[in-house]
Amino acid sequence: VEATSDALRRLSTDDVRLNVLHGSVGGITESDVLLASASNAVVIGFNVRPEPKAAALAEREGVDIRLYTIIYEALNDVRDALEGLLEPTLQEKVLGRAEVRQTFTVSGIGQVAGCFVAEGKILRGAKARLLRDHVVVHDGRIASLKRFKEDAREVAGGYECGMSLEGYQDVKVGDVIEAYEVEQVARRLPPAAAKGAQAAERTA
């Protein structure tokens, strides 16, 4: 029992912590279910079954009882649950860069930048920052995008386009417009926690 409890505790990190409230041998009892209910916890059993009264109580109380025959499977499930509690990280991905070659004013739109897409692609509605001498002077979105006089959803590298920036009317020749997106990336527990889980499975 202690080896199993230690194995579960080793999954904890500074960001997410696992508390083992109680460990004992024998079938799962009503006391186990009541403790889990009061603590908003999960009951984990290895090669045991809940007593009939305990199973009925768990159903009434909404307590999750998870039964396993292999410790490694339990550790994997708990690890997945802990990773689900971690806040995702935000990762920026540059979609493309366009050089401003000229600017002009269009009725109903305002300032439009005539650009050459030097890298990647430019997407209408994408987040975009305006760089002037490598300094960010505006960060917003691409409000409109045209290829010649036609609206375009995207313009690939090597082509010219016209675009306007949402809420910004001071684009200058020589500026660079960088389109980007921000993705949420699921966080994983560090390798140390994974190694602890594998070692625990061998020693339990």
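For the sequence shown, the numbering used here assigns the number 5 to the initial residue and increments by one for each residue that follows.
Built from N, CA and C at the ideal position, the CB exists for glycine as well.
Among the options, nearest to residue i - alpha-carbon criterion
{"i": "Thr33", "options": "Asp19, Ile48, Arg21", "result": "Ile48"}
{"i": "Ile113", "options": "Arg192, Val180, Ile146", "result": "Ile146"}
{"i": "Asn51", "options": "Glu91, Arg151, Glu77", "result": "Glu77"}
{"i": "Glu185", "options": "Phe152, Asp155, Ala130, Val177", "result": "Ala130"}
{"i": "Ile75", "options": "Ala160, Tyr172, Glu6, Ala156", "result": "Glu6"}
{"i": "Val175", "options": "Ala132, Ala160, Asp155, Leu38", "result": "Ala132"}
{"i": "Ser16", "options": "Val140, Leu90, Cys119, Ser168", "result": "Leu90"}
{"i": "Glu63", "options": "Leu38, Gly124, Val82", "result": "Leu38"}
{"i": "Arg151", "options": "Leu134, Ala58, Cys119", "result": "Cys119"}
Alpha carbon of residue i to alpha carbon of residue j, nearest angstrom
{"i": "Thr107", "j": "Asp84", "result": "52 Å"}
{"i": "Ser4", "j": "Thr93", "result": "Only positions 5 to 208 of the chain appear in the structure, and residue 4 is not among them; the question remains open."}
{"i": "Glu55", "j": "Gln188", "result": "43 Å"}
{"i": "Val46", "j": "Glu96", "result": "37 Å"}
{"i": "Glu170", "j": "Gly162", "result": "24 Å"}
{"i": "Glu158", "j": "Gly178", "result": "21 Å"}
{"i": "Asn23", "j": "Tyr72", "result": "19 Å"}
{"i": "Glu65", "j": "Ser41", "result": "7 Å"}
{"i": "Arg136", "j": "Leu127", "result": "20 Å"}
{"i": "Arg21", "j": "Gly30", "result": "26 Å"}
{"i": "Glu87", "j": "Arg14", "result": "14 Å"}
{"i": "Leu149", "j": "Val140", "result": "21 Å"}
{"i": "Asn44", "j": "Arg70", "result": "14 Å"}
Presumed contact (8 Å Cβ cut-off) between residue i and residue j, rounded CB distance
{"i": "Val104", "j": "Ile181", "result": "7 Å"}
{"i": "His138", "j": "Tyr172", "result": "His138 to Tyr172, Cβ: 18 Å. No contact."}
{"i": "Val121", "j": "Ala102", "result": "5 Å"}
{"i": "Lys125", "j": "Gly144", "result": "At roughly 18 Å, the Cβ-Cβ gap does not stay under 8 Å, so Lys125 and Gly144 are not in contact."}
Residue i burial status per 10 Å Cβ neighbour count (16 or more: buried)
{"i": "Val116", "result": "buried"}
{"i": "Thr8", "result": "buried"}
{"i": "Arg192", "result": "exposed"}
{"i": "Ala183", "result": "buried"}
{"i": "Asp18", "result": "exposed"}
{"i": "Ala190", "result": "exposed"}
{"i": "Ala60", "result": "exposed"}
{"i": "Arg53", "result": "exposed"}
{"i": "Ala201", "result": "Any reading at Ala201 must be qualified, since the residue scores a pLDDT of 41, below 50, and its modelled position is unreliable; no value is offered."}
{"i": "Leu25", "result": "exposed"}
{"i": "Asp36", "result": "buried"}
Any non-hydrogen atom of the ligand HEM closer than 7 Å to residue i Cβ
{"i": "Thr73", "result": "No copy of the ligand HEM occurs in the structure displayed, which carries no ligand at all."}
Residue-chain proximity (residue i, chain C), Cβ-Cβ < 8 Å
{"i": "Val47", "result": "Of the chains in the structure shown, none is chain C; there is only one protein chain."}
* To do: Mind listing, in chain order, the continuous beta strand (DSSP E) runs of no fewer than 3 residues lying wholly within the region 132 to 169?
  => Every beta strand (DSSP E) of 3 residues or more that sits fully in the region 132 to 169 is shown, in chain order, as 139 to 151, 158 to 160, 164 to 169.
* Unbroken alpha helix (DSSP H) runs of length 4 or more, entirely within the region 54 to 103: which are they? -> The qualifying runs are 56 to 65, 75 to 89.
* **4 or more residues per run - each alpha helix (DSSP H) lying fully within the region 10 to 46** => Secondary structure in the region 10 to 46: the alpha helix (DSSP H) runs of 4 residues or longer, each lying completely within the stretch, are 34 to 43 in chain order.
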